[in-house]
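Notes to accompany the following structure.
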Amino acid sequence: FILSICSIAFYVLQWYHRRVREAVVSTQSTGATQKNTANLDRETEELKHETVSKDFCVHLREARAKAGMTQKDLAQRINEKPQIVGEYESGKALPNNQIQSKMERALGVHLRGKDAGKPLQPRGKKKA
1445 FILSICSIAF YVLQWYHRRV REAVVSTQST GATQKNTANL DRETEELKHE TVSKDFCVHL
1505 REARAKAGMT QKDLAQRINE KPQIVGEYES GKALPNNQIQ SKMERALGVH LRGKDAGKPL
1565 QPRGKKKA
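Each residue of the sequence shown is one higher than the one before, starting from 1445 at the first, in the numbering used here.
Set out below in structure tokens:
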């Protein structure tokens, strides 16, 4: 009897981890930002994952508005779906350095770090 309870618990745990991995694969195939599966397995206790900061969201919205672009325009410039830009602006996206860098280059503004909100320096020239 105890052995059957342990085996049932084991199968339930395997099923849960399989579901988490399937959820990650489905979000990756839809173009959503990607997160390491091993990190998700470790974070199953909390069930909350790190999202982009509110500062990033604010700087992104301001820079996009200043550039006179819609979410769709920005998405086309960085070769992503408009939903991705919407997720970043609403603060629901999982951080992806590659996407964030593409947004910074497309808008010509730092969106992260101590220089957030300041224009990017042209390539080849260094700060004095």
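Cβ coordinates follow ideal geometry from the N, Cα and C atoms, glycine included.
Item: Nearest-angstrom Cα distance between R1567 and V1502?; Value: 25 Å
Item: Could you tell me the distance, in whole angstroms, from the CA atom of A1511 to the CA atom of R1505?; Value: 10 Å
Item: E1548: buried (16+ other C-beta within 10 angstroms of its C-beta) or exposed?; Value: buried
Item: Identify, in the order they occur along the chain, each residue of the same chain with its Cβ nearer than 6 Å to the Cβ of V1529, setting aside the five sequence neighbours on each side.; Value: Q1515, L1518 and A1519
Item: Please classify V1553: does DSSP put it in a helix, a strand, or coil?; Value: strand
Item: Under 8 Å, do V1553 and A1507 count as touching if we go by C-beta distance?; Value: yes
Item: Please report the distance separating the alpha-carbon of D1559 from that of F1500.; Value: 11 Å
Item: Please tell me whether, using a cut-off of 7 Å, the distance from the CB of Y1460 to the nearest non-hydrogen atom of the ligand MN is below it.; Value: With respect to the ligand MN, the structure shown offers nothing to examine, as it has no ligands at all.
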